[in-house]
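Working notes for the structure below.
2 protein chains.
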Amino acid sequence: MPTKITLTEDDVPRQWYNLAADLPSPMNPPLGPDGKPVTPDQLAPVFPMNIIEQEVSQERWIDIPRGVLDMLYKWRPSPLHRATGLEKALGTPAKIFYKNEGVSPAGSHKPNTAVAQAWYNKEFGIKKITTETGAGQWGSALSYACSQLGLECKVYMVRISFDQKPFRKTMMAVWGGKCVASPSMETQAGRDILAKTPDTPGSLGIAISEAVEEAVMDTTGKTRYALGSVLNHVMLHQTIIGLEAKKQLDKFGIKKPDIVIGCAGGGSNFAGLAFPFTYDKINGADIEIIPAEPASCPTLTKAPFMYDFGDVAKMTPLLPMHSLGHHFIPAPIHAGGLRYHGMAPLVSHAVEEGLMTPVAINQLECYEAGLLFARTEGLIVAPETCHAVAATIRKAREAKEEGKEKVIIFNLSGHGIMDLNSYDRFMAGDLKDNELSQEEINASLEEIKDHPKAFVKKTGKW
Amino acid sequence: MPTKITLTEDDVPRQWYNLAADLPSPMNPPLGPDGKPVTPDQLAPVFPMNIIEQEVSQERWIDIPRGVLDMLYKWRPSPLHRATGLEKALGTPAKIFYKNEGVSPAGSHKPNTAVAQAWYNKEFGIKKITTETGAGQWGSALSYACSQLGLECKVYMVRISFDQKPFRKTMMAVWGGKCVASPSMETQAGRDILAKTPDTPGSLGIAISEAVEEAVMDTTGKTRYALGSVLNHVMLHQTIIGLEAKKQLDKFGIKKPDIVIGCAGGGSNFAGLAFPFTYDKINGADIEIIPAEPASCPTLTKAPFMYDFGDVAKMTPLLPMHSLGHHFIPAPIHAGGLRYHGMAPLVSHAVEEGLMTPVAINQLECYEAGLLFARTEGLIVAPETCHAVAATIRKAREAKEEGKEKVIIFNLSGHGIMDLNSYDRFMAGDLKDNELSQEEINASLEEIKDHPKAFVKKTGKW
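Protein chains in written order, with the working numbering: chain Z, 1 to 462; chain E, 1001 to 1462.
Encoded structure:
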């Protein structure tokens, strides 16, 4: 039996799976600042209508357009590996599998939705897409996608990352994307913030505000904004990961995994692998589904489920989600992709429904897991992905203690080739844990106490 | 028709192809300092005997051991893409294909031979492998391979690269390899050089001397040395690239390419793609086979074919090859993997036989080609690979002028994710061409005028 299953192009799924169609209770809609549900028309200056339609769709299966499939073929189907080296090192009876999304041109799962969003924008007649990026994964994925379709791409990159991660910036430039440090002088939001705090390191919240502003202020109507996680249509586009994985597990002779794991920041790579298995769980399968988040940003494990804004400047609608408060600034851990105050509404809702059991893991345990994975499986994974590896190792050790032959599958969301300095710091003993305390969470939520009371609902079913 | 052909594990070739069996005239053997052919016993302190047997084998097909196949499965078969985006941008009637070796864990073709060499060493009872590395591709590939088999790995990295490329060093450390700057205080060769020139930036020649010394001085007999290019067994291990590519072209409906291209430094990635097609050419197929080298290190296009040493310290046997002289120090171009004074004897010999038609290309043309490739095909390739892309673009433009539907295939030897700073410098206009002049070549060859006359033969058939 080989330790890897490669599907052919013919095996790439032709439809995405929409979890919204199968949730036991319906999701709450995004709200405007007036507390009323946001209408598609209100979102039209921000997103093209074909994407808005996907965002609100209740259809279970949504066809992947031919043009998107052609672009996905560049690196899909991604391989599914059996981690025999890791299993051996752990001495576990568990069978561990991982889906490698690091093989995409930009090195992570992000291009799965970037090519889809770029394609829909182009179909709608859009010429330019704006976005924000933190560590740079999403900005480079969207630059890549736009380069393939001849669209302009403008990326507002959080200033501290812009200065610290020059190679991500270069990557975007190679693909023709224009990347500026945020806050910038190019938007009113940016100028206002620079006037007050010229030395600010920036934040994802600020960058979102700038990107949205540029899109809606373009009087030609040919510019829209794109988001790389959180929203329903992004989760939808990522489900190709789990749909492929099911076919591949089947070829390994596995009818159903016992445990499905992904790291969770905004939620999209986790959702991509997990949602197709969540469908099985809703239909009676016994599957443990685990989003793994950093202990320094424990959105699902410690933050309340409520309505909150996606950005500091409150330019986004209010979304029903687990949130540490839109002012929250996470500790500067290396897993930049997991440093987000909120969580995808679909993931948040599924957790509320009891379909998923999140865990929070400290930074050092994650790097230790990543190092063991690199030495046993040979792949150097992103700091974000290390959280999924660490959760997997916990479960594989549990299986050993219980003497059970559990089948575990996790999503290898991205490679760590551009994050080697963080491994270097870990091996040198320069990293530490940053577990967020309840006091810090309370203090962060206190900051949104002026938040309309009706919007804040404590954890519990809607 | 998809633009990519992915084979399954079942399609991975089970044998390597040995060009030595089919060359029209036999190769000349490596010579010792006494001018006599080196015997396998003389090489025994440096390489394990099972590798030495491969080095001198005249068998056409050599079985790939099961254990090596299992390791190759991690990332093989590698995909073959049709470059429809590049074709369109060039407006060429040519059909362009590329084999993507950048998908390996270390990011290049190097692991193809690293896992084989590590496996044979382990089979022979070896516990530790020493090697040298310039830019770090080979050192990281061997560290990766050793980590998979539980072998120790010691890498002497040229000091200037050690200082300038910290991430490659970290990559080796993540895989458990021990990397030291060369010259080091750990060998007599290193100490001697440091005593004379404490500030030397080091060189590949010096690093080879140190790595060989550590291997042969180990009194336990459990240490051997490994080389990542140039030698016959390395070319052999890389032929899996071309053998897979032939199957994939066949699935694209292509019976035979018209043109086969690879960049050439030591020669191994080029040989890997080209040798299986060279076999077809020897058997009558009309195929143009092009090694593309940098104009700053024009080994095949401008240097004589002669016997020369592989290293500065003359610790290696004399090899029959195209060489700029073993003292030659190439300009510091970013394509570090192509900065070698010599060339694989098998490639050199095949060029002498008229089977291949090398070209030399300047740095700026290469980066321009790499940038166009990234924007049209979406993959950012290594500076070395840019030479193959540039040669491909030249040929595709020729096909356009001639109005011919030529089929071109080139080897994408590695990704450029760890070389983004060089793209940055190119886009900023900071790079320049460094074409080597005939005067510089003459001056370099003058330095080996004390070289025994019998060993130096001018270009021409033996």
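Cβ atoms here follow ideal geometry from the backbone N, Cα and C, with glycine treated the same way. Here the structure is a predicted model, which means the values were calculated and not measured.
CB contact check: residue i to chain Z, cutoff 9 Å
{"i": "P1166/E", "result": "yes"}
{"i": "N1421/E", "result": "yes"}
{"i": "Q1148/E", "result": "yes"}
{"i": "P1002/E", "result": "yes"}
{"i": "K1122/E", "result": "no"}
{"i": "P1105/E", "result": "yes"}
{"i": "Y1144/E", "result": "yes"}
{"i": "L1319/E", "result": "no"}
{"i": "N1112/E", "result": "no"}
{"i": "Y1073/E", "result": "yes"}
{"i": "E1009/E", "result": "yes"}
{"i": "P1037/E", "result": "no"}
{"i": "T1133/E", "result": "no"}
{"i": "L1412/E", "result": "no"}
{"i": "M1418/E", "result": "yes"}
{"i": "L1371/E", "result": "yes"}
{"i": "T1170/E", "result": "yes"}
{"i": "K1081/E", "result": "Residue identity differs from the one stated: residue 1081/E is His in this sequence, not Lys. It does: the Cβ of H1081/E has a partner Cβ on chain Z nearer than 9 Å."}
Neighbour flag for residue i against chain C, beta carbons, 9 Å
{"i": "I380/Z", "result": "Of the chains in the structure shown, none is chain C; the protein chains are Z and E."}
For residue j and residue i, the rounded distance between their alpha carbons
{"i": "I1408/E", "j": "P1383/E", "result": "20 Å"}
{"i": "I441/Z", "j": "G1107/E", "result": "41 Å"}
{"i": "D962/E", "j": "D1258/E", "result": "It is not possible to answer for residue 962/E, since the shown part of chain E is limited to 1001 through 1462."}
{"i": "A114/Z", "j": "Q148/Z", "result": "11 Å"}
{"i": "E447/Z", "j": "G325/Z", "result": "8 Å"}
{"i": "P1037/E", "j": "P1030/E", "result": "6 Å"}
{"i": "N1434/E", "j": "A94/Z", "result": "56 Å"}
{"i": "A454/Z", "j": "H322/Z", "result": "Because the pLDDT of A454/Z is 46, which lies under 50, any placement of that residue in the model is unreliable, and the number read from its coordinates should be weighed accordingly. Those two C-alpha atoms are separated by around 16 Å."}
{"i": "P1045/E", "j": "N1232/E", "result": "18 Å"}
{"i": "E1439/E", "j": "T1299/E", "result": "15 Å"}
{"i": "N100/Z", "j": "L273/Z", "result": "11 Å"}
{"i": "Y1017/E", "j": "D1218/E", "result": "33 Å"}
{"i": "Q188/Z", "j": "D1424/E", "result": "30 Å"}
{"i": "T1385/E", "j": "G1336/E", "result": "11 Å"}
{"i": "A1331/E", "j": "I1193/E", "result": "21 Å"}
{"i": "L80/Z", "j": "P1033/E", "result": "51 Å"}
{"i": "C1263/E", "j": "G1102/E", "result": "14 Å"}
{"i": "P1065/E", "j": "D1011/E", "result": "15 Å"}
{"i": "M418/Z", "j": "M1418/E", "result": "7 Å"}
{"i": "E1368/E", "j": "A1390/E", "result": "8 Å"}
Cβ of residue i within 9 Å of any chain E Cβ
{"i": "V174/Z", "result": "yes"}
{"i": "A335/Z", "result": "no"}
{"i": "P24/Z", "result": "no"}
{"i": "R375/Z", "result": "yes"}
{"i": "I361/Z", "result": "no"}
{"i": "E87/Z", "result": "no"}
{"i": "H341/Z", "result": "no"}
Residue environment, residue i, which counts as buried when at least 16 other CB atoms sit within 10 Å
{"i": "A1374/E", "result": "buried"}
{"i": "M315/Z", "result": "buried"}
{"i": "E1087/E", "result": "buried"}
{"i": "G253/Z", "result": "exposed"}
{"i": "R1082/E", "result": "buried"}
{"i": "A443/Z", "result": "exposed"}
{"i": "K404/Z", "result": "exposed"}
{"i": "E1401/E", "result": "exposed"}
{"i": "G1035/E", "result": "exposed"}
{"i": "M1027/E", "result": "buried"}
{"i": "W1462/E", "result": "Low per-residue confidence applies at W1462/E: pLDDT is 39, beneath 50, and the placement is therefore not dependable, though the value from the model is reported in the following sentence. Label assigned to W1462/E: exposed."}
{"i": "P40/Z", "result": "exposed"}
Rounded distance between the beta-carbons of residue j and residue i, thought under 8 Å
{"i": "G139/Z", "j": "T130/Z", "result": "So it is not a contact: roughly 11 Å between Cβ atoms."}
{"i": "K1246/E", "j": "I1005/E", "result": "Contact doesn't hold; Cβ gap of about 11 Å is too wide."}
{"i": "I240/Z", "j": "N50/Z", "result": "Not confirmed; about 18 Å, so no contact."}
{"i": "S1143/E", "j": "G1190/E", "result": "The pair is not a contact, with the Cβ atoms about 20 Å apart (cut-off 8 Å)."}
{"i": "K122/Z", "j": "E152/Z", "result": "Between E152/Z and K122/Z the Cβ distance is about 11 Å, and since that is not below 8 Å, they are no contact."}
{"i": "K1256/E", "j": "D1280/E", "result": "7 Å"}
(message) Across the segment 427–443 of chain Z and the segment 393–406 of chain Z, are there enough close Cβ pairs to call them in contact, namely three or more that are closer than 8 Å?
(response) Put simply, the segment 427–443 of chain Z does not touch the segment 393–406 of chain Z. Fewer than three CB pairs are less than 8 Å apart.
Requested in this report: Report yes or no: do three or more beta-carbon pairs, one from the segment 343–359 of chain Z and one from the segment 264–272 of chain Z, lie closer than 8 Å?
Outcome: Touching, yes.
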